[in-house]
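K.L.:
Under my numbering, the first residue of the sequence shown carries the number 100, and numbering increases by one thereafter.
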Amino acid sequence: MSFCISPSTRGSCVTMASAMSLPWVAEAGAAPNIPSKRHRKWKACFSKRLYKERNRVERFFNRIKHFRRIATRYEKHAANYLAMLKLAAIQIWLRS
100 MSFCISPSTR GSCVTMASAM SLPWVAEAGA APNIPSKRHR KWKACFSKRL YKERNRVERF
160 FNRIKHFRRI ATRYEKHAAN YLAMLKLAAI QIWLRS
């Protein structure tokens, strides 16, 4: 899994799995939003509100994967794939 943290994300908060608490996140100037374990010496700042937003994103990707055309990546060109992704997102939005 790769992430692109550009200079514009400096000072941003990155929400990720606790296993992803890597030094390069801090080097890029972003703060990880990970609930700390009790035994850790270094406690990261943690926002429950931001962590709940992560759940919303994960649920969206779960719903997107129900669309077979997107999950199996039938569209090989990026523009076509993005168009199908937008159509699926609109359909999910209209259902809710």
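Quick reminder that beta carbons are idealized off the backbone N, C-alpha and C, glycines included.
In this text the structure is predicted, and so the values were computed from the model without any measurement.
What span of residues does the alpha helix (DSSP H) with residue 136 cover, start to end?
P.N.:
Segment: none, residue 136 is in no alpha helix (DSSP H) and carries neither H nor E.
K.L.:
Give me the Cα-Cα distance between residue 160 and residue 189, rounded to the nearest whole angstrom.
P.N.:
Distance between the alpha carbons of residue 160 and residue 189: 13 Å.
K.L.:
Does residue 127 come out as helix, strand or coil in the three-state DSSP assignment?
P.N.:
The answer is coil: DSSP assigns residue 127 none of H, G, I, E or B.
K.L.:
Would you say residue 187 and residue 169 are within 7 Å of each other, going by their C-beta atoms?
P.N.:
Yes. Within cutoff.
K.L.:
For residue 175, which residues in the same chain have their Cβ closer than 7 Å to its Cβ, ignoring the five residues on either side in sequence?
P.N.:
Same-chain partners within the cutoff: there are none.
K.L.:
Could you compute how far the alpha carbon of residue 167 sits from the alpha carbon of residue 177?
P.N.:
Their backbone Cα atoms lie some 17 Å apart in a straight line.
K.L.:
To the nearest angstrom, report how far apart residue 150 and residue 133 are at their CA atoms.
P.N.:
Answer to the nearest angstrom: the Cα atoms are 8 Å apart.
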